[in-house]
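*Asks:* Counting from 19, one number per residue, gives the positions in the sequence shown under our numbering.
Where a beta carbon is used, it is the ideal one built from N, C-alpha and C, also for glycine.
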Amino acid sequence: MEDLKLAILAYLNENKTIESSLDLAIKLEVSHNEVVGAIKSLDSIQYAVLQQLETKKYVLTPDGEDYIEKGTPEMRLFSTVPAEGVNIKDLPKDQVVDLGRNYGKAKGWFSIEQGKLKKIKEAVVDEDADLLRDIQAFKEVPADKIKNLEKRRTIKLQLTKYYSISTGPKFSLTLPKLATDLTHDMIIKGTWAQEEFKAYNFNALGKEITVGNLHPLMKVRTQFCNVLLEMGFEEMPTNQYVESAFWNFDTLFQPQSHPARDAHDTFFIKDPANSNQIEDKAYWEKVRDVHEKGGHGSIGWRYPWQDEEAKKNILRTHTTAVSAKMLYKLAQEKEFKPKKYFSIDRVFRNETLDATHLAEFHQVEGLIADRGLGFSHLKTVISVFFKKIGLEKIKFKPTYNPYTEPSAEIFAFHPILNKWVEIGNSGVFRPEMLGPLGLPSDVSVIAWGLSLERPTMINYNIGNIRDLFGHSVNVKDIRANPICCFQK
Ligand code: PHE
């Protein structure tokens, strides 16, 4: 920059005025942008006076830029065709290849005989690419060549800003040593009076500040939280990823041979592999009994239930493990009080990863315990919740869960994938689960579990879950994400 400024000053000294910064850039063999930077800086110290002008100039189109970088299509083709030629039908079907063939043939580089493309010349010069370089540098190019390049859609006329430059009031051939800061030292020594200071540039912008940004999924979580709080739900403590199979499966009347328990779906903890705490022996036995012998109107699963299986430590596969614990606590209360609970936290499943599945995701869990509740209440609560988060198109489909009856999957319509996607599961907890807990027999519990990611993908038009959660999320996207506004 210093050298460029000195060169401009020398040039200005000879000529007093320079008609066009565009010509100056050609003479000094630098880009116009660099010249503009240098003359603006000379203007700020009154070494030069600028006048902004406009003219129509040819500039490159994206194709033109591409040709400069990689060569024209005919050049690219020329350098790939072997001496013996190629069969036309073996050439890839590609726009660049087609263009290369046509232009190369017109330029007399290739011949086409009996379906074979052959080079007629040994070496060629990519003249059009060189001309494009000249245009880019605003150099003079003959009119017929311009016409040709314009026909190829590699250049277009565009209004271009440039400057005329004349000497300013403080013009000199040497650059001043300007101080930028008034220092403590200058004040103490009194040298500030002799210093020449650089003028303030009030138009300069500061460095962009990189600040922390909330992840979009976390914004959505906050919003879901608020919706559920508004609906009168209390948050459950979910800060425990490792659970025993007992709370994750057994208390939910899920038989020990259930396929969801095996290694395909569940992550087992190696160390410690087992939880040896049986907090409440009596409850533990009640759970075992209901699996083995039934009760509460049920004949049970009737198989030999094993303590060891229930003691296994696992990464929780659903937050329903937490719901079970909360209901257990609720049943310990002297007097039953109706409750609405919710949570939003991580769960883990050993699944095959694809556009809509990850091995960990966030589950939104909700439950209501009260007298006289049924499936119709569940459907209404879920519909109200989804309406509040902006999803009106939802469907219920009957399904099976070992711990609920009736049970229904919840589907929502995904506009990008253009299909209904499953976003959750719900049901009325079975007496085989509630009975051993000791809740009054006329109390029923309706509950559901959703993924936080799926409705977020639907509302934000995200086609791939990996763009929303996990290590491949683009940090730029997190920064650019608007303040979340889910409610419509
Ligand atoms: N636990 C279920 C799941 O993981 C969701 C669910 C919760 C279903 C409560 C019914 C009742 O999908």
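Quick check: does the Cβ of N266 come within less than 7 Å of any heavy atom belonging to the ligand PHE?
*Replies:* Indexing the sequence shown from 1 puts residue 266 at position 248. The answer is no for N266.
*Asks:* With 16 as the cutoff for other CB atoms within 10 Å, does H336 come out buried or exposed?
*Replies:* On the sequence shown, position 318 is the one that residue 336 refers to. Classification for H336: buried.
*Asks:* Counting Cβ pairs, one atom from each stretch, are 3 or more of them under 8 Å apart for the region 249-265 and the region 484-498?
*Replies:* In short, these stretches do not touch, since the Cβ pair count stays below three.
*Asks:* What does a CB cutoff of less than 6 Å around V512 pick up in its chain, not counting 5 residues either side in sequence?
*Replies:* Only positions 19 to 506 of the chain appear in the structure, and residue 512 is not among them; the question remains open.
*Asks:* Where L376 and T284 are concerned, what is the direct C-alpha to C-alpha distance, given to the nearest angstrom?
*Replies:* As a working note, residue 376 is residue 358 in the sequence shown. As a working note, residue 284 is residue 266 in the sequence shown. Cα to Cα, the separation comes out at about 13 Å.
*Asks:* When you compare each of T338, P433, P356 and L391 to S469 by their alpha carbons, which one comes out closest?
*Replies:* For the purposes of this step, residue 469 is identified with residue 451 of the sequence shown, where counting begins at 1. S469 has its Cα closest to that of T338, out of T338, P433, P356 and L391.
*Asks:* Is it buried or exposed for H282, if we count other Cβ within 10 angstroms and need 16 for buried?
*Replies:* Along the sequence shown, one-based indexing puts residue 282 at 264. With fewer than 16 other Cβ atoms within 10 Å, it is exposed.
*Asks:* Helix, strand or coil: which one does DSSP assign to G118?
*Replies:* Along the sequence shown, one-based indexing puts residue 118 at 100. G118 falls in the helix class under three-state DSSP.
*Asks:* Helix, strand or coil for A387 per DSSP?
*Replies:* Here the question's residue 387 lines up with position 369 in the sequence shown. A387: strand per DSSP, three-state reduction.
*Asks:* Assuming V446 contacts S462 under a Cβ cut-off of 8 Å, what Cβ separation, rounded to an integer in Å, is found between them?
*Replies:* Translated into the one-based positions of the sequence shown, residue 446 becomes position 428. Translated into the one-based positions of the sequence shown, residue 462 becomes position 444. V446 to S462, Cβ: 6 Å. Contact.
*Asks:* Return yes when the C-beta of G467 is under 7 Å from any heavy atom of the ligand PHE, and no when it is not.
*Replies:* Counting from 1 along the sequence shown, the entry for residue 467 is found at position 449. Answer for G467: yes, Cβ within range of the ligand PHE.
*Asks:* Under the criterion of a Cβ to heavy atom distance below 7 Å, does G445 qualify as lining the ligand PHE?
*Replies:* As a position in the sequence shown, residue 445 is number 427, starting the count at 1. Yes, since a heavy atom of the ligand PHE falls inside the 7 Å radius drawn around the Cβ of G445.
*Asks:* Are there three or more Cβ pairs, one per stretch, closer than 8 Å when the region 112-120 is compared with the region 181-192?
*Replies:* Counting Cβ pairs under 8 Å, fewer than three are found: no touch.
*Asks:* Around the Cβ of L200, are there at least 16 other Cβ atoms within 10 angstroms (buried) or fewer (exposed)?
*Replies:* Sequence index remark: in the sequence shown, residue 200 carries index 182 (1-based). Looking at its Cβ environment, which holds fewer than 16 other Cβ atoms inside 10 Å, L200 is exposed.
*Asks:* Would you please state the rounded distance, in angstroms, between the beta carbons of A328 and D268? I believe it to be under 8 Å.
*Replies:* Counted from its first residue, the sequence shown places residue 328 at position 310. Counted from its first residue, the sequence shown places residue 268 at position 250. Their Cβ separation, rounded to whole angstroms, is 5 Å, which keeps A328 and D268 in contact under 8 Å.
*Asks:* Ends of the alpha helix (DSSP H) at L235?
*Replies:* Residue mapping note: residue 235 aligns to position 217 of the sequence shown, counting from 1. Its alpha helix (DSSP H) spans residues P234 to E248.
*Asks:* With a threshold of 8 Å on Cβ separation, who are the neighbours of G126 within its own chain once the five nearest residues in sequence on each side are excluded?
*Replies:* For the purposes of this step, residue 126 is taken as the residue at position 108 of the sequence shown. Same-chain partners within the cutoff: I138 and K139.
*Asks:* Using a Cβ-Cβ cut-off of 7 Å (strictly less than) and excluding sequence neighbours within five positions of V99, which residues of its own chain qualify?
*Replies:* On the sequence shown, position 81 is the one that residue 99 refers to. Result list for V99: L135 and K137, in chain order.
*Asks:* Does the region 434-454 come close enough to the region 298-316 to have 3 or more Cβ pairs within less than 8 Å?
*Replies:* Segments in contact, yes.
*Asks:* With DSSP collapsed to three states, give me the class of F354.
*Replies:* As a working mapping, residue 354 is identified with position 336 in the sequence shown. Correct three-state label for F354: coil.
*Asks:* For the ligand PHE, I want to know if H336 counts as a neighbour, meaning its beta carbon is within less than 7 Å of at least one of the ligand's heavy atoms.
*Replies:* For this step, residue 336 is matched to residue 318 along the sequence shown. Yes, since a heavy atom of the ligand PHE falls inside the 7 Å radius drawn around the Cβ of H336.
*Asks:* Note down, in chain order, each residue of its chain lying with its Cβ closer than 6 Å to the Cβ of L457, except the 5 sequence neighbours on either side.
*Replies:* Translated into positions along the sequence shown, residue 457 becomes position 439. Cβ within range, chain order: A349.
*Asks:* Which one or two residues does DSSP pair with G445 in a beta bridge?
*Replies:* Position 427 of the sequence shown, counted from the first residue, corresponds to residue 445. Answer is S425 and A465.
*Asks:* Roughly how far, in whole angstroms, is the beta-carbon of Y29 from the beta-carbon of K188, given that I think they are within contact range, below 8 Å?
*Replies:* Numbered from its first residue, the sequence shown carries residue 29 at position 11. Numbered from its first residue, the sequence shown carries residue 188 at position 170. Wrong, their Cβ atoms sit about 17 Å apart, outside the cutoff.
*Asks:* What is the DSSP secondary structure of R320, reduced to helix, strand or coil?
*Replies:* Taking the first residue of the sequence shown as 1, we reach residue 320 at position 302. Three-state result, R320: coil.
*Asks:* Would you report the Cα separation of K506 and V245, rounded to the nearest angstrom?
*Replies:* Position 488 of the sequence shown, counted from the first residue, corresponds to residue 506. Position 227 of the sequence shown, counted from the first residue, corresponds to residue 245. At K506, the pLDDT of 42 sits below 50, so the modelled position is not reliable; the number obtained from the coordinates is stated separately. Computed Cα separation, rounded: 13 Å.
*Asks:* Does DSSP put A25 in a helix, a strand or coil?
*Replies:* On the sequence shown, position 7 is the one that residue 25 refers to. Helix at A25.
*Asks:* Got a sec, what are the start and stop residues for the beta strand (DSSP E) Y301 sits in?
*Replies:* Counted from its first residue, the sequence shown places residue 301 at position 283. No beta strand (DSSP E) holds Y301; the alpha helix (DSSP H) holding it covers K299 to E310.
*Asks:* Three-state secondary structure (DSSP) at A155?
*Replies:* Translated into positions along the sequence shown, residue 155 becomes position 137. If DSSP states are grouped into helix, strand and coil, A155 belongs with coil.
*Asks:* I need the straight-line Cα distance from W323 to Y421, nearest angstrom please.
*Replies:* Taking the first residue of the sequence shown as position 1, residue 323 is located at position 305. Taking the first residue of the sequence shown as position 1, residue 421 is located at position 403. Roughly 17 Å separates the two Cα atoms.
*Asks:* Using three-state DSSP, classify K506 as helix, strand or coil.
*Replies:* For the purposes of this step, residue 506 is identified with residue 488 of the sequence shown, where counting begins at 1. In this predicted model, K506 has a pLDDT of only 42, less than 50, meaning its place in the structure is not dependable enough to derive any value.
*Asks:* Would you report the Cα separation of R364 and Y259, rounded to the nearest angstrom?
*Replies:* As a first step, residue 364 must be located in the sequence shown, where it is residue number 346. As a first step, residue 259 must be located in the sequence shown, where it is residue number 241. Cα to Cα, the separation comes out at about 7 Å.
*Asks:* With DSSP as the reference, label L175 as helix, strand or coil.
*Replies:* Walking along the sequence shown from the start, residue 175 turns up at place 157. It is a strand residue.
*Asks:* Based on the DSSP output, what are the partners of T417 in its beta bridges?
*Replies:* Within the sequence shown, numbered from 1, the residue matching residue 417 stands at position 399. DSSP lists S425 as partners of T417.
*Asks:* According to DSSP, V104 sits in a beta bridge with which residue or residues?
*Replies:* As a working mapping, residue 104 is identified with position 86 in the sequence shown. Beta-bridge pairing links V104 to L135.
*Asks:* How many whole angstroms separate the CB atoms of A426 and S341, which I take to be in contact at a CB cut-off of 8 Å?
*Replies:* Translated into positions along the sequence shown, residue 426 becomes position 408. Translated into positions along the sequence shown, residue 341 becomes position 323. With a Cβ gap of about 17 Å, A426 and S341 do not count as contacting.
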